[in-house]
Structures are given as structure tokens and as C-alpha cells.
């Protein structure tokens, strides 16, 4: 299932995620810091939604109360819940 999440409070503007059950298959960020946004998908692909949430939920970027990683955790949860309710 492919899902598009509009980020809030980050330099990236959206995240496209693809799940197979609760396994992260693909992640694509639009906008943001190129290095981090290439690294994050490589690190989380193959993980479960719960594992990604455990590792990166709540991370802040500078003075912001969120980060691209934190937004990814939110995107994955939203996508997973939408998939279960479809």
C-alpha cells in the first residue's frame, strides 16, 4: 500500500511510504536535507512500523519540536492504521 503524508514543522513537505503489512518497503521524502533524507529510508526499509516508531519517534531538529524522522514515524503509523481500516 502506498500512502502520502503531508509533513508538519519540517523542511520536507511530504513523505511517500509503501508498506507490506507492517513492514516498511519504500520511503521517499520531498524537500529537506538531501543527505539525511537519503539515509533515513535506507535505514528503515525492511523494519516494522513499530520498530521505526520505537527508534525515531520524538526526535527533534534544532529548536523544532519535530524532525523528518519523527514525521516519518507519524506517517508510517497513519499509513498502517489506514491500511488496517481499508
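Numbering (the working numbering), first residue to last: 621 to 706.
For every residue, glycine included, the Cβ atom is placed at its ideal position computed from N, Cα and C.
DSSP, read as helix, strand or coil, puts residue 656 in helix.
When the five nearest sequence neighbours on each side are left out, the beta carbons in the same chain lying within less than 8 Å of the beta carbon of residue 665 are those of 644, 645, 646 and 647, in order along the chain. In the DSSP assignment, residue 698 falls within the alpha helix (DSSP H) that extends over 688-704.
Look at residue 665 here: in three-state DSSP terms it is coil, with no helix or strand label.
Within the same chain, Cβ atoms closer than 6 Å to the Cβ of residue 688 are found at 630, 632 and 652, the five residues on either side in sequence being excluded. Burial of residue 695 is indicated by the presence of at least 16 other C-beta atoms within 10 angstroms of its C-beta.
If you check the CB distance, residue 635 and residue 691 come in under 8 Å.
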